[in-house]
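Chains as they are written, first to last, in our numbering: chain A, 1 to 686; chain G, 1 to 686. Even glycine gets a Cβ: it sits at the ideal position worked out from N, Cα and C. Fair warning: this is a prediction, and the values are worked out from it, not measured in the lab.
2 protein chains.
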Amino acid sequence: MRGFSRAMALLAGVAFVVPALADEGMWTFDNFPAAKMRAKYGWAPDAAWLKHAQLSSIRLAQGCSASLVSPDGLVMTNHHCARECLSELSDAKHDYIANGFYAATAADEKKCPALEANQLVDITDVTAQVEAATAGKSDRAFHEAERTAKAAIESKCGTGADVRCQVVTLYEGGVYDLYKYKRYQDIRAVFAPEQSIAFFGGDPDNFTFPRYDLDTAFVRVFDHDKPLHSDTFLKFATKGVRDGDIAFTSGNPGATERDDTLAELAFQRDDAQPLLITLFSELRGVLNEFATKGPEEDRTSTTMRFLIENTLKAYKGRQSALVQGSLVTDKAQAETAFRKRVAADPKLSAAYGGAWDAVAAAVAHNRDIYIRNGLLERLSQRLSPLLGQVVALNRYAAEAGKPDGQRLEEYSDANFPALKQELVSPAPIYSELEKTTLAWWLTKVREYLGTSDPDVRALMGKKSPGEIADALVDGTRLKDAKFRAQLLAGGPKAIDAYHDSLIDFARKLDVPARAVRADYENNVKAVITKNAALIAKARFALEGKSSYPDATFTLRLSYGTVAGYQENGRTIAPVTNFAGAYAHATGRDPFKLPATWLRAEKDVAMDTNLDFVSTNDIIGGNSGSPVIGRDGEAIGLIFDGNIQSLGGDFGYDGSVNRAVAVDVTAITEALRKIYHADRLAGELAR
Amino acid sequence: MRGFSRAMALLAGVAFVVPALADEGMWTFDNFPAAKMRAKYGWAPDAAWLKHAQLSSIRLAQGCSASLVSPDGLVMTNHHCARECLSELSDAKHDYIANGFYAATAADEKKCPALEANQLVDITDVTAQVEAATAGKSDRAFHEAERTAKAAIESKCGTGADVRCQVVTLYEGGVYDLYKYKRYQDIRAVFAPEQSIAFFGGDPDNFTFPRYDLDTAFVRVFDHDKPLHSDTFLKFATKGVRDGDIAFTSGNPGATERDDTLAELAFQRDDAQPLLITLFSELRGVLNEFATKGPEEDRTSTTMRFLIENTLKAYKGRQSALVQGSLVTDKAQAETAFRKRVAADPKLSAAYGGAWDAVAAAVAHNRDIYIRNGLLERLSQRLSPLLGQVVALNRYAAEAGKPDGQRLEEYSDANFPALKQELVSPAPIYSELEKTTLAWWLTKVREYLGTSDPDVRALMGKKSPGEIADALVDGTRLKDAKFRAQLLAGGPKAIDAYHDSLIDFARKLDVPARAVRADYENNVKAVITKNAALIAKARFALEGKSSYPDATFTLRLSYGTVAGYQENGRTIAPVTNFAGAYAHATGRDPFKLPATWLRAEKDVAMDTNLDFVSTNDIIGGNSGSPVIGRDGEAIGLIFDGNIQSLGGDFGYDGSVNRAVAVDVTAITEALRKIYHADRLAGELAR
């Protein structure tokens, strides 16, 4: 599944631009290669088409894509993108994940505790302003100057509940663009099918094709407590796709590393990826066994298990591409050849020739601090939502009083509203799950940093991980969202004056976590950003801006066609239908059709398209992207890529790399014949 | 910990001989490099010394080393080598793992359900006989001829309850030696301390130094129901070791791959090790969470969790050596240089020049079948002891009627007595643990082989892994050891006539499991054996037999000295004492001293040696090896290696590679002052 979690963003990297081939490319809307597409397909979209697609596209700030599909703020995305919301709205009596959700009337639509929708309205090049601020600076000074310049630009553009402005670093720092979004935080659940059909085939079928999934959900954007009115939206196509149809995806690919240097790829292959696969495999085992303890443990851990399984499979696919494929040797050859061209020009050589070695030195430093940074700063807050909230609360007290540009990035005026929404989210805290993941995390801290590490001793004293985790969760009032909101509203003084087991622990953790984060930001990230930008400029100098930048969880357009592929000597047909879903059902998880589907078997038109694959170049974060046809209608809904697409982080292979989507006609058929969701189906037909 | 499990042996490999450096070398007793040792140390053992060490050494067939330490069959080994026995003797009322075990009188000594002790009495070169049988053969024909020749030699040498004869393949097939052992199957527990001191520091301290562990156990060999009388045994030293003391280890290193070709090393690095680390990490998570379900789940899973954690740490160390160290590039250079020397000689080139490419082709085939072989044949039987027993029972029915040389190797006359002992072992079967590991294994089978694989469909049908596992364990009478023994005694007809859920499942599994095993044995193992032998012969031709063969879980002697080392800029002193153990105790697992130690704190001489490190070249399987001083006394008991030794599978680095041992004076001090085990201490002082 193509969601984009922060855990995956841990691996985002850096450095040079590859010429686009075939249908390759995650293009920014201000640099779409219309001439190239026209040369291949005899047609390309015009400016009006592009504007319509852009304004119909929605980013879900928590890591997915989506689209407006009615004039009344109706938004289509994946079930797995609305899953956290559904889980948070559920309780021991209502399991909206297992049983689905449908608001039969407008009044039944339920507010998602922590969803934020962004609509991209404007792009402005601000490269000159940022470069003026960072000129001549290195390391920490470079990092701080860049942060301050970005914050100033964002602040001037606008900030608050209705607008989100972000300076986006593109082409590894070769370009800085200001992206201005409308921000919406009142998002309400409208419809979701049962998990068993949204994720039919489960983990075994994840990242494969053929598929038979209705990975679909609808939510509605509210603006000042009323459904958002929008003249721009994607109409639903009434005919299913066919082999060879032109297909666009408009969405927010999370992160790719196609421009990374060889040193960065080797670090991923030899260090980062193996560590993450090891850690997530163990956690997968812990959580799957936790789920066998009882129905409540099963229910409360479903979302996290889903996230872990999905992330792990993606990591394995990436690693396989790095180890088994030709990516690393291809990169080595391309980098050697390009460095020779730079070295041959004295002017380019003087300006850019040292950049690769500087990146390699930063990578070597990252190797030394990677585990500490991962365990103390990055993973800690993701593994325990509760700890994440309390760390954020405590940090807010320290960051709020600083100038915007000097704060940790997520506390900037542009970013804090989204974090604040998570911080005060009324989503339930599952104490037993929290204790389990916290205890496991502490065990890993002790294992990897060592029992004699001073930070480990300070954090853990003589207690066992299990004792500490129990005391942290049982001894805090911060499980209560209202209490967190009250402290936050009280400001830094109120927060600083409050003590309990968990916030005091967060304060203790903050010391080594901030230290290693600063080390990373100043001595790894800043060095790589600066030098990768030099490499990008060398590329611009020799080849112009003929390519697309690495993915940055910002809006991109990809073009391609509906097309099958070859696998193990077999031809995989590009489209499945309802008959296939019924044929593949076994009655057992994860191949069990829901009762609604079994009851409706006689009513459904079996030859209706269900899922399809296309050559679109997508990556995690594209989940929920609309697939748009030549005439600007929604023809599909991206929810996955095939196994072969997982190497897409590092390169695109048009012969087998495929995006996987639900056909919109399947959605219409299911809403009418299976779910009898006439209010929703009617709205989609307008 | 330096035990040697079959799971670790999965990785055993093949191919060329490296010149010995420093104290490197796991020498066979018939080729000890006395001249080399004398050149370095001014002294070397004579033939009488060697014979005494050899006959005092004991191999525990399940994967450890040990030694005779009294004239009455008393055997010293590690706590972790006796752990399975202690676990099997325990029940809900007696936890000999947690609380230790001591037979205060001879009558209190308890029979271990499944321990076999072997004493090596004779070595004979049989290379010519095996080579005569395999001459001119390849692949399957080579494999069968080799098996038949070995079985015939073993059978002629002797077989049965009292003797074990094994033809050992040394120098990757360059040499075949017949090893003749006395076999003992009546082994009784005498003494073991509490787990908390045997494994003080637990997983966090495993494979590190300094250490404070009393990883010691004593068992007694019985012969025809009486303690074995032996004139040859190691007397306990009465003085603790000192920095620089000469130290030998005599034990059974399990498997090394120092002579592997580059293709085999790359396969380990890129395929085998990453897969095993991923699988074992997930299983570790499952079992650690299983243990939190209750005290009974904790107790019953302790031994398996220990095995998994230990194995996983070893895999990680090996992989780190392959990825971060210079082993692979060193091997590439050495192999290229040696192949050039072979190519330069037309006669050698014609005879041996094609061997490396033949090995590489076999490795490529292994890459295709490795996961299937691992899941269906190798791991299945190790993850579930019950399934392992039932597979063995079912296979015995098929193999018993075949000629010795045509049977699967573990059913040969030489090997079956050890397997039979496991098969009928009265050790308790833990149903909930069995269900958990079986369900997990089935999930992995489905995940890795795929839901549409015909073997997966045949094994699993439409049921879920959990349902299948429950039905297998609940629906079988074969949990009862007496019933297994009865069926076995009834022979093939009785076994074939018996049906229940589990044995019928084992029959279904047998079809694909045998198929992939045969593919591996004929098309991977036989090809590598044959060609690695050619490489070894090229080595003999150019360099003579100046080195030692890769480890094969047969008796080897290593020489070296007690010596510290440098780590992260610090000097690690070579010896710890009792004072250090008390200083490092926190009162919490895994740094909690047992009550006996806390009570005796005033009585113990705090400056008594506890653990020490030496330069001896050891590997998994050496656990329990005696450390022998210059005068032939036991001075220590190997129980581990440091982290730096884990790359020892692929090469030895004398500057940091260290063996970790308990000083025998610590054992004496603890027996007298802490455990008041006077009967045992008195026997050791004779």
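Beta-bridge pairing by DSSP links residue 27 of chain G to G:557.
Annotation: residue 409 of chain G has no Cβ neighbours in chain A at a cutoff of 7 Å; minimum Cβ distance is about 32 Å.
Nearest CB-CB separation between residue 204 of chain G and chain A: below the 8 Å threshold. The shortest C-alpha to C-alpha distance from residue 259 of chain G to any of G:340, G:172 and G:41 is the one to G:172.
The way I'd put it, the segment 412-431 of chain A doesn't touch the segment 363-382 of chain A; fewer than three beta-carbon pairs between them come closer than 8 Å. Setting aside the 5 residues that flank it on each side, residue 193 of chain G is surrounded in the same chain by 100 and 214, each with a C-beta closer than 6 Å to its C-beta; the list follows chain order. The beta-carbon of residue 307 of chain G is placed no less than 8 Å from the nearest beta-carbon of chain A.
Here DSSP, grouped into helix, strand and coil, assigns residue 78 of chain A to coil.
The segment 583-594 of chain G and the segment 198-214 of chain G touch, with three or more beta-carbon pairs separated by less than 8 Å. With at least 16 other beta carbons inside 10 angstroms of its own, residue 285 of chain G counts as buried. The beta carbon of residue 586 of chain G sits closer than 8 Å to some beta carbon of chain A. Sixteen is the threshold: since fewer than 16 other Cβ atoms of the shown chains lie within 10 Å of the Cβ of residue 568 of chain G, the residue is exposed. With a 10 Å radius around the Cβ and a threshold of 16 neighbouring Cβ atoms, residue 673 of chain G comes out buried. Interface annotation, residue 454 of chain G: not in contact with chain A, CB-CB separation never under 8 Å. In the same chain as residue 90 of chain G, and ignoring 5 residues on each side of it, the C-beta atoms closer than 8 Å to its own belong to 96, 97 and 299, in chain order. Look at the beta carbons and you see the segment 210-230 of chain A touching the segment 73-83 of chain A: at least three pairs across the two are nearer than 8 Å.
Proximity of chain G to residue 282 of chain A at the Cβ level (cut-off 7 Å) is accounted for by 281, 282, 284 and 285, in chain order. Of all alpha-carbon atoms in A:604, A:595 and A:571, the one lying nearest the alpha-carbon of residue 655 of chain A is that of A:571. Two segments are said to touch when three or more pairs of C-beta atoms, one from each, lie closer than 8 Å; by this definition the segment 59-77 of chain G touches the segment 215-232 of chain G.
Residue pairing by DSSP places residue 577 of chain A opposite A:609 in a beta bridge. As DSSP reads the structure, residue 567 of chain G sits in a beta bridge with G:570. Contact between residue 663 of chain G and residue 598 of chain G does not hold, since the beta-carbon distance rounds to 21 Å and is not under 8 Å. Flagged as an interface residue toward chain A: residue 464 of chain G, by a C-beta distance shorter than 8 Å. Rounded to whole angstroms, residue 201 of chain G and residue 450 of chain G show a C-alpha spacing of 41 Å. Distance between residue 514 of chain A and residue 166 of chain A, taken at the CA atoms: about 23 Å.
The beta carbon of residue 358 of chain A sits closer than 7 Å to those of 527 and 531, all from its chain and outside the five residues before and after it, given in chain order. For residue 355 of chain A, the closest alpha carbon among the candidates A:459, A:535, A:658 and A:684 is that of A:535.
The beta-carbon of residue 290 of chain A is placed less than 8 Å from the nearest beta-carbon of chain G.
Excluding five sequence positions before and after residue 129 of chain G, the CB atoms of its chain that fall closer than 7 Å to its own CB belong to 149 and 153, given in chain order. Put simply, of G:189, G:401 and G:652 the residue whose alpha carbon is nearest the alpha carbon of residue 107 of chain G is G:189. Its Cα nearest to that of residue 496 of chain A, the residue A:400 stands out among A:555, A:400, A:463 and A:116. A distance below 8 Å separates the beta carbons of residue 44 of chain G and residue 38 of chain G. Here residue 614 of chain G is not near residue 666 of chain G, since their CB atoms are 8 Å or more apart. Annotation for residue 295 of chain A: no beta strand (DSSP E) segment contains it, though the alpha helix (DSSP H) segment containing it runs 295-324. The Cβ atoms of residue 365 of chain A and residue 523 of chain A sit closer than 8 Å to each other.
In the three-state reduction of the DSSP assignment, residue 429 of chain G falls in the coil class, being assigned neither a helical nor a strand state.
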